[in-house]
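One structure is given here, and the rest of the page talks about it.
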Amino acid sequence: MSMMGEAGVDVLLFEAGGFRLGADAGAVVRVASHRPEDPQAATFGAVRSGGREIVARGRGGTTQAVSVDTILGVRRVKPSDLRPLPRFLLGRVHPAVIGFAVLEETLVALVELSEVEGAEAEPG
Amino acid sequence: LRAALDRSEDRPAAAAAEADVEYFCFRIHQARYAVLSSYVSEVIRLPPVTALPGTPPFLLGVAAHRGEVIPVVDLSRFLGTGTAAVTARTRAGIARVEGMVVLFIADQLEGLHTVQAGGLLPPPLGGEGPAEFISGVATEARGTLSVLDLPRLLSTARARTVKR
Numbered sequence: 001m002s003m004m005g006e007a008g009v010d011v012l013l014f015e016a017g018g019f020r021l022g023a024d025a026g027a028v029v030r031v032a033s034h035r036p037e038d039p040q041a042a043t044f045g046a047v048r049s050g051g052r053e054i055v056a057r058g059r060g061g062t063t064q065a066v067s068v069d070t071i072l073g074v075r076r077v078k079p080s081d082l083r084p085l086p087r088f089l090l091g092r093v094h095p096a097v098i099g100f101a102v103l104e105e106t107l108v109a110l111v112e113l114s115e116v117e118g119a120e121a122e123p124g
Numbered sequence: 125l126r127a128a129l130d131r132s133e134d135r136p137a138a139a140a141a142e143a144d145v146e147y148f149c150f151r152i153h154q155a156r157y158a159v160l161s162s163y164v165s166e167v168i169r170l171p172p173v174t175a176l177p178g179t180p181p182f183l184l185g186v187a188a189h190r191g192e193v194i195p196v197v198d199l200s201r202f203l204g205t206g207t208a209a210v211t212a213r214t215r216a217g218i219a220r221v222e223g224m225v226v227l228f229i230a231d232q233l234e235g236l237h238t239v240q241a242g243g244l245l246p247p248p249l250g251g252e253g254p255a256e257f258i259s260g261v262a263t264e265a266r267g268t269l270s271v272l273d274l275p276r277l278l279s280t281a282r283a284r285t286v287k288r
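Protein sequences, first through last, are from chains A and B. Heads up: the first sequence begins at 1 in our numbering, then just goes up one per residue. Heads up: the second sequence begins at 125 in our numbering, then just goes up one per residue.
Listed below in structure tokens is the structure:
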């Protein structure tokens, strides 16, 4: 999460493959429509409605696209509402999942978009 | 003196072997199971569960309880005996084992139950599914009570939670 400060971190909330997820909004380059002729974007599973993709900064100045169902918006999350992976799940969950945010007593899994399986890097 | 010391070592062990043991009991598909009560710190109403990508069906997701993120395990699914019905009234046990914390759900949580000294028999040999994790069996008026080796069960569950 790159926008961490005392006030918190901006998290882009979205739904993909039936999961409600969040990602560092500071790493997002743009949110775009996914056209059929565009290269296949990475997903977290079977995208239901689809049609949207998040283009995020990856390593080495590349960008990567992740196909999602719905963009829910951006929320500022306080540092005290961020949680690491519990010990039971360390190394045992989707490699893109890096932790959780507590939002109104429910949890949102936070993901590193560049770690989504199948994400194809493009020159930035 | 040596003979006296040998006898003194035996006494606590013998006493422990004969002590009553308290278990936390629950039902899965009419069968009664139990785990050592010392592993179960609390029983709560199941909080909202957040599903996670790339996890097996027995790992329903994670839930927040008093600020702690806890994985939720459906014991019925893990033991291959079906699926626990999750409703707004579903209750879950919080198990703390070897540094791991897990919320587990079953068809019905019964609560604490004491098995009298000598009441626990060795498990049947072999078998798959639940039998793989049974460390002892008690025959009671309410039916057979199968005691699960919770550390081994959770260790196996974690091993089967392979990232995808």
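Glycine included, each C-beta is placed from N, C-alpha and C at the ideal position. Note that the structure is predicted; figures quoted are calculated from it, not measured.
(request) Would you list the one or two residues that DSSP bridges to B:Tyr147? (result) B:Leu160 and B:His237
(message) Tell me the DSSP secondary structure of B:Arg190 in three-state form.
(response) coil
(request) List the residues of chain B whose Cβ lies closer than 8 angstroms to the Cβ of A:Val108, in chain order. (result) Thr174
(message) Using the three-state DSSP reduction, which class does B:Glu222 fall into: helix, strand or coil?
(response) coil
(request) Report the partner residues of A:Asp24 according to the DSSP bridge assignment. (result) A:Val11
(request) Just grab the DSSP bridge partners of B:Ala265 for me. (result) Answer by DSSP bridge pairing: none, since B:Ala265 is not bridged.
(message) Just to make sure I have the definition right: I need the residues of chain B whose C-beta is within less than 8 angstroms of the C-beta of A:Glu105. Which are they?
(response) Pro171, Pro172 and Ala188
(request) Output, in sequence order along the chain, the residues in the stretch 222-254 of chain B whose CB is closer than 8 angstroms to any CB in chain A. (result) Gly223, Met224, Val225 and Val226
(message) When you compare the CB positions of A:Val108 and A:Arg30, do they come within less than 9 angstroms of one another, or not?
(response) no
(message) Is the beta carbon of B:Gly243 closer than 9 angstroms to that of B:Ala262?
(response) yes
(request) Give a yes or no on whether 9 angstroms exceeds the smallest Cβ distance from A:Val93 to chain B. (result) yes
(message) Less than 9 angstroms between CB atoms is the rule here; does A:Gly58 satisfy it with respect to chain B?
(response) no
(message) Rounded to whole angstroms, what is the Cα-Cα separation between A:Thr106 and B:Ala143?
(response) 43 angstroms
(message) Just checking: is the beta-carbon of B:Pro177 within a distance shorter than 9 angstroms of some beta-carbon in chain A?
(response) yes
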